Amino acid sequence: MIKRTFPAVRRVLSPGVRYFSGRDTTEDVCDGTDSPHDTKQASLYVHWPYCLRRCSYCSFNKYIAREDNSHIMTQCFQRETETLLQLSQVSSITSVFFGGGTPSLAHPSTVAAILEAVSKHVNLFDKAEITLEVNPTPVGMSKLKDFCHAGVNRVSIGVQSLQDDDLIFLGRDHSCHQALQTIEEARRLCPGRVSIDVMFGRPRQSIESWENELSELLKVCDDHVSLYQLTLERGTQLFKQVQRGEVAVPGDDVTAEMYQCARRTLHQHGFLQYEVSNFARHNAVSHHNMSYWKGRQYIGVGPGAHGRFVPLGEGGVVREARIQTLEPDVWIREVQQRGHGTRRRIQLHHLDVRLEEVLVMGMRTTEGINHKHWELFSPQLGLHEVFGKSNDVQELLQSGQLILDDRSLRCSWDGLAVLDSILPALLVELETKILQRRQRNHSSDGQTEQASSPR
Amino acid sequence: MSLFLVKRWCATPLLRRVLQFKLYRRKIQNYNTTYTLLRHPWLKRLPAFSSSFRLASTQTDKETIDLSKFPVDRIRNFCIIAHIDHGKSTLADRLLEITGAIAKTEKNKQVLDKLQVERERGITVKAQTASLLYNHQGQQYLLNLIDTPGHVDFSYEVSRSISACQGVLLIVDANQGIQAQTMANFYLAFEAQLSIIPVINKIDLKNADPETVESQIEKAFDIPRAECIRISAKLGTNVENVLQAVVDRIPPPPVSTDGPFKALVFDSSFDHYRGVVANIAVFGGRVRRGDKIVSAHLGKAYEVNELGLLRPEEHPTQKLFAGQVGYIIAGMKDVKEAQIGDTLYLQEQPVEALPGFKRAKAMVFAGIYPMDQSEYPGLRSAIERLTLNDSSVTVQRDSSMALGAGWRLGFLGLLHMEVFNQRLEQEYNASVIVTAPTVPYKAILSSAKLIKEHGSEEITIVNPAQFPDRSVVSEYLEPMVLGTILAPDTYIGKIMTLCLTRRAVQKNMVYIDDQRVMIKYLFPLNEIIVDFYDLLKSLSSGYASFDYEIAGYQAADLIKLDILLNGRPVEELTTIVHTDRAYSTGKAVCERLKDSIPRQLFEIAIQAVIGSKVIARETIKAYRKNVLAKCYGGDITRKMKLLKRQAEGKKKMRRIGNVEVPKDAFINVLKRKDK
Chain A
34 MIKRTFPAVR
44 RVLSPGVRYF
54 SGRDTTEDVC
64 DGTDSPHDTK
74 QASLYVHWPY
84 CLRRCSYCSF
94 NKYIAREDNS
104 HIMTQCFQRE
114 TETLLQLSQV
124 SSITSVFFGG
134 GTPSLAHPST
144 VAAILEAVSK
154 HVNLFDKAEI
164 TLEVNPTPVG
174 MSKLKDFCHA
184 GVNRVSIGVQ
194 SLQDDDLIFL
204 GRDHSCHQAL
214 QTIEEARRLC
224 PGRVSIDVMF
234 GRPRQSIESW
244 ENELSELLKV
254 CDDHVSLYQL
264 TLERGTQLFK
274 QVQRGEVAVP
284 GDDVTAEMYQ
294 CARRTLHQHG
304 FLQYEVSNFA
314 RHNAVSHHNM
324 SYWKGRQYIG
334 VGPGAHGRFV
344 PLGEGGVVRE
354 ARIQTLEPDV
364 WIREVQQRGH
374 GTRRRIQLHH
384 LDVRLEEVLV
394 MGMRTTEGIN
404 HKHWELFSPQ
414 LGLHEVFGKS
424 NDVQELLQSG
434 QLILDDRSLR
444 CSWDGLAVLD
454 SILPALLVEL
464 ETKILQRRQR
474 NHSSDGQTEQ
484 ASSPR
Chain B
163 MSLFLVKRWC
173 ATPLLRRVLQ
183 FKLYRRKIQN
193 YNTTYTLLRH
203 PWLKRLPAFS
213 SSFRLASTQT
223 DKETIDLSKF
233 PVDRIRNFCI
243 IAHIDHGKST
253 LADRLLEITG
263 AIAKTEKNKQ
273 VLDKLQVERE
283 RGITVKAQTA
293 SLLYNHQGQQ
303 YLLNLIDTPG
313 HVDFSYEVSR
323 SISACQGVLL
333 IVDANQGIQA
343 QTMANFYLAF
353 EAQLSIIPVI
363 NKIDLKNADP
373 ETVESQIEKA
383 FDIPRAECIR
393 ISAKLGTNVE
403 NVLQAVVDRI
413 PPPPVSTDGP
423 FKALVFDSSF
433 DHYRGVVANI
443 AVFGGRVRRG
453 DKIVSAHLGK
463 AYEVNELGLL
473 RPEEHPTQKL
483 FAGQVGYIIA
493 GMKDVKEAQI
503 GDTLYLQEQP
513 VEALPGFKRA
523 KAMVFAGIYP
533 MDQSEYPGLR
543 SAIERLTLND
553 SSVTVQRDSS
563 MALGAGWRLG
573 FLGLLHMEVF
583 NQRLEQEYNA
593 SVIVTAPTVP
603 YKAILSSAKL
613 IKEHGSEEIT
623 IVNPAQFPDR
633 SVVSEYLEPM
643 VLGTILAPDT
653 YIGKIMTLCL
663 TRRAVQKNMV
673 YIDDQRVMIK
683 YLFPLNEIIV
693 DFYDLLKSLS
703 SGYASFDYEI
713 AGYQAADLIK
723 LDILLNGRPV
733 EELTTIVHTD
743 RAYSTGKAVC
753 ERLKDSIPRQ
763 LFEIAIQAVI
773 GSKVIARETI
783 KAYRKNVLAK
793 CYGGDITRKM
803 KLLKRQAEGK
813 KKMRRIGNVE
823 VPKDAFINVL
833 KRKDK
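Just so you know, the protein sequences line up as chains A and B, in that order. According to my numbering, the first sequence is numbered sequentially starting from 34. According to my numbering, the second sequence is numbered sequentially starting from 163.
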């Protein structure tokens, strides 16, 4: 018990120690012990559902808070965390990620309380990565220090753009200047553990302005960059504007060029791409996100959060995809009534469902899926057996978009940019091979049965 | 032929006048007309019935109408012909009400239009028949109204109806005046030498101008304006006069109840419980329940189970007599056993068959495929059920690599096709892919070997895959139509330009009044089957009307157009086109394909080729980026779903070489464009 609570207490008391030691923990804490059947560990995702305002492009589960309910929210987060930890029976949490919404609107004490709840029940490694998404507003920046005191040791800043016009148009509540200040402050507090989110494919954006923006960012950024393309989501204000022809977004060829240009530029500045939209220097990868791509267990807490773990606590043996209730008020009521707000549970019974996720997630990384990793999920059907003989895959290998060698199955530099065109072919192949195998097993089962059937 | 007719008909003043007009028309028409209607010679004979003939009453059922009360001279057979929406069915409703065939209620809207599509489109597809009882000057008359389809696609159906009539009511809208279909219908009636009673309808409308319409009728049809009856079918104004005119101006059927029974089948339908219901016009003698009858065409014998009048509902009687029109049920299992134009007679009294009608020829073909192959059996039974009642649709099984198993159906014309498809969707709830319509081409073979193979020098090509190479053909032929366009003269310039682009040859041009012009063009059928009518309507602000009739085949410079994807031909997109059209068609197909084939990991060349010559090309560039940015908060469910759907779709794609083509792309290229 003392052991368990100790890290949290220490974190609150002496956060400074962690930052300096944190610099060394570039290695994934659970590497080596990783196993899909290892249900002892999980990462934790905490969803803060509130925003100050609605960004014109955003279709996530977020709400504009009507009143300050941080006290109730804190209680509920703690309660749900405890319930789900118990349900999962994990003994340790490898990383925590506070996303949203705008989690930097939460009170730092809420973050501390959640981390405390985790530490109270399971082992939260001292070195564990604790990430907070931050909106680069003056308020967000002023609270950074307290968040770090609460235990946060990695910050992901939603810079999005360095153009004030664009920030206004997209409905963001910060300016370019504020973003730069926030980056500076975050780097001071969490050196080497600051990530920035940048968006391309914005309305009116040109390749040239994107290049300029990137070089500006590279001057100020830390060791991690997340790039993403603005996608038009049904139901957003931007979607309607584009539909009505009021706003034009860059065409496919332009965004393709923007993506390639960013990859080249970041590479030249020492940033290694380790996933479709993530780049790190000095090995400052996000361990939390890595665990998604590796198909590890994760627990989702908060309205609309997603999780994937085996509910050992109620005798479960199958991994479940779990989704929490979307609407905060309803979620609060449910957590208060029954300890958690899980709305949907889908049992990931079949091996093929698990394998499909492993494939889709794993291929997003530049290292791809290595044979050992694949074997953990699919001991009977190796990567070569599944993909080695397919015509479609052969074409992809020959065109140099896909690589299958002694190391792994992975995309080439060019292939990664067209992953969504490659995956359907791989999924079809996987399905076919699993089906063939099942039929073979069935027919051999049938023979055995016949042979041994009593007269 | 005309002289021959003069001799026969000069005794009848009305018809003599019509004939003069006919001679006049012949002079100005220097091309060969190809009216599809054939007439039965006996109809041309002068009435030779005995008015004093009376039948002994054999009535056993008091409820049924005593048909013996109607000597032939108190029977009139007539139909109503009109341009679409000029009020034919509304007039029919009023006639039914006045004669008590149906109760007079507000709901009587187009009682004879039984099909949903008929009511929706304001057209009549299946001819319906009603016998009306009408008292005139103390005498009761039996008036047989045979309702006809309003569109010339159904001219075959119109001709069936007309062959059983001696007169027609030619309705013209007092507001719109004579339209293209008024002309076409007039000629049908005129060729059949029927008495024509012009009726000007909708005189209650604000902009009604019966004066002008009367002069149009005088000018175009050479019928004195005094003979026009001005009515409002909607309000019932003067409708009584129409009935009187039917009695006074239309001659009774020239038949005799003496002699052997002889009847013409002019329509048939199928009833699931009772089998085939044939509509017949009795041309001689009588028939009763239990009689053994024979169909001249098949030589098969049947026993009459039920017969009667149509009022318009079936009204069983014991007998039908010469001059009457009614229905007969005789244990026939298939509409093909009651062929339109067939003759029925008594087994013990064989007669010479009436000359059969010309078989309706399918002129517009289209592929019909289920949206999903699992819907194939349902669609098959829907098509079977629909064709049970529409013997003019030809059905051929067909299959396409892209669209799966389906059918190639032949229709009389465009409207016929649309009506059929609409009925498929509405009455059988079937969702179907309908390919763009094509026409039957012909080729005159020059290779002796091929001639031997086909058994004839001339072959008809419906499927482009069977298109013979130029080297073995002396001539290709394409079907032609004679189109009639009526429009205000202000639009004539635009209309002529449109027709020129459709390879049309102008045949004549006549003013039918101060402003309205009638132009006749010889068109290749292929040029009008897709969008001609829509364009004509839009460039004339809806004022032009169009109609056409089949006008034989003409030599044409035809070629086969292939579509290639990265050098590999796409079988289902091969088409036969006129040389002048090759470029525009090829370009259009390439463009449509470009819009509907998703980008792939390599560049795709779409080419339209004739032989080895590329005439159009589009390129789909390779994907440079196709990957979604980050997955938030571990929500991978949505992404997985999307990818799984793509993987499923991939399995269903048609592969041409290494190019994957979704079914939608074929549908977009092959289907008719939405209007």
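Idealized CB from N, CA, C, for every residue including glycine. All values reported here derive from a predicted model rather than from experimental measurement.
What is the rounded straight-line gap between the Cα of residue i and the Cα of residue j?
i      : j      : result
B/T549 : B/A292 : 24 Å
A/Y334 : A/I402 : According to the sequence as given, residue 334 of chain A is Val; it is not Tyr. Each residue's alpha carbon lies about 28 Å from the other.
B/R547 : B/D534 : 20 Å
B/F685 : B/K669 : 10 Å
B/Q480 : B/T344 : 39 Å
A/H154 : A/T375 : 20 Å
B/I725 : A/E266 : 36 Å
A/L305 : A/L442 : 19 Å
B/G452 : B/D552 : 28 Å
B/F423 : B/E589 : 38 Å
B/T781 : A/T116 : 57 Å
Contact criterion: CB-CB distance below 8 Å. Does residue i meet it with respect to chain B?
i      : result
A/E400 : no
A/M323 : no
A/S103 : no
A/C63  : Model confidence at A/C63 stands at a pLDDT of 35, short of 50, so the residue's coordinates are unreliable; what they give is reported in the following sentence. It does not; no Cβ of chain B falls within 8 Å.
A/Y292 : yes
A/L468 : no
A/V167 : no
A/L381 : no
A/E428 : yes
A/A289 : yes
A/V275 : no
Whole-angstrom Cβ separation of residue i and residue j, contact assumed at under 8 Å?
i      : j      : result
A/A150 : A/F342 : The Cβ separation is near 17 Å, so there is no contact.
B/A767 : B/K749 : With a Cβ gap of about 14 Å, B/A767 and B/K749 do not count as contacting.
A/A146 : A/Q111 : 6 Å
A/S189 : A/D197 : A/S189 to A/D197, Cβ: 22 Å. No contact.
A/Q214 : A/L203 : Going by Cβ atoms, the distance from A/Q214 to A/L203 rounds to 19 Å, so no, they are not a contact pair.
Closer than 9 Å by beta-carbon distance: list the chain A residues that pair up with residue i, in chain order.
i      : result
B/I798 : Y325, H339, R341, A354, E390, V393 and M394
B/N467 : Per Cβ cutoff of 9 Å: no residues; B/N467 is ~58 Å from chain A at best.
Using a Cβ cut-off of 8 Å (strictly closer), state whether residue i contacts chain A.
i      : result
B/N347 : no
B/L763 : yes
B/L727 : no
B/V821 : no
B/R678 : no
B/M802 : yes
B/V789 : yes
List the residues of chain B whose Cβ lies closer than 8 Å to the Cβ of residue i, in chain order.
i      : result
A/P457 : L805, Q808, A809, G811 and K812
A/L286 : A quick correction: the sequence has Asp, not Leu, at residue 286 of chain A. Under the 8 Å cutoff, chain B gives K783 and R786.
Using a Cβ cut-off of 8 Å, pull out every chain A residue sitting near residue i, in sequence order please.
i      : result
B/M815 : Ordered by position in chain A, no residue passes the 8 Å Cβ test against B/M815, which lies about 10 Å from the chain.
Just to make sure I have the definition right: I need the residues of chain B whose C-beta is within less than 7 Å of the C-beta of residue i. Which are they?
i      : result
A/A450 : R786, K787 and V789
Check the Cβ of residue i against every Cβ in chain C and list those closer than 7 Å, keeping chain order.
i      : result
A/L435 : Of the chains in the structure shown, none is chain C; the protein chains are A and B.
Legend entry - Length at least 3, wholly inside the stretch 336 to 402 of chain A: the beta strand (DSSP E) runs in chain order: You should have 339 to 342, 353 to 357 and 375 to 380.
Inset, instruction - Pick out the complete alpha helix (DSSP H) segments inside the stretch 714 to 801 of chain B, 4 residues or longer, and give them in chain order. - result: If only complete runs of 4 or more residues are kept, the stretch 714 to 801 of chain B shows the alpha helix (DSSP H) at 741 to 758, in order along the chain.
Inset, instruction - Just list the alpha helix (DSSP H) runs in the stretch 468 to 555 of chain B, keeping only unbroken ones of 4 residues or longer that don't cross its boundaries, in chain order. - result: Runs found: 538 to 551.
Legend entry - Contiguous beta strand (DSSP E) assignments of at least 3 residues, all confined to the stretch 162 to 225 of chain A: Taking only runs of at least 3 residues, the beta strand (DSSP E) segments lying wholly in the stretch 162 to 225 of chain A are 187 to 193.
Inset, instruction - Run through the stretch 559 to 586 of chain B for me and flag every whole beta strand (DSSP E) of 3 or more residues, listed as ranges in chain order. - result: 566 to 573, all fully within the stretch 559 to 586 of chain B.
Legend entry - Ranges of the alpha helix (DSSP H) found wholly within the stretch 397 to 474 of chain B, counting only runs of at least 4: DSSP assignment within the stretch 397 to 474 of chain B yields the following whole alpha helix (DSSP H) runs of 4 residues or more, N-terminal first: 401 to 411.
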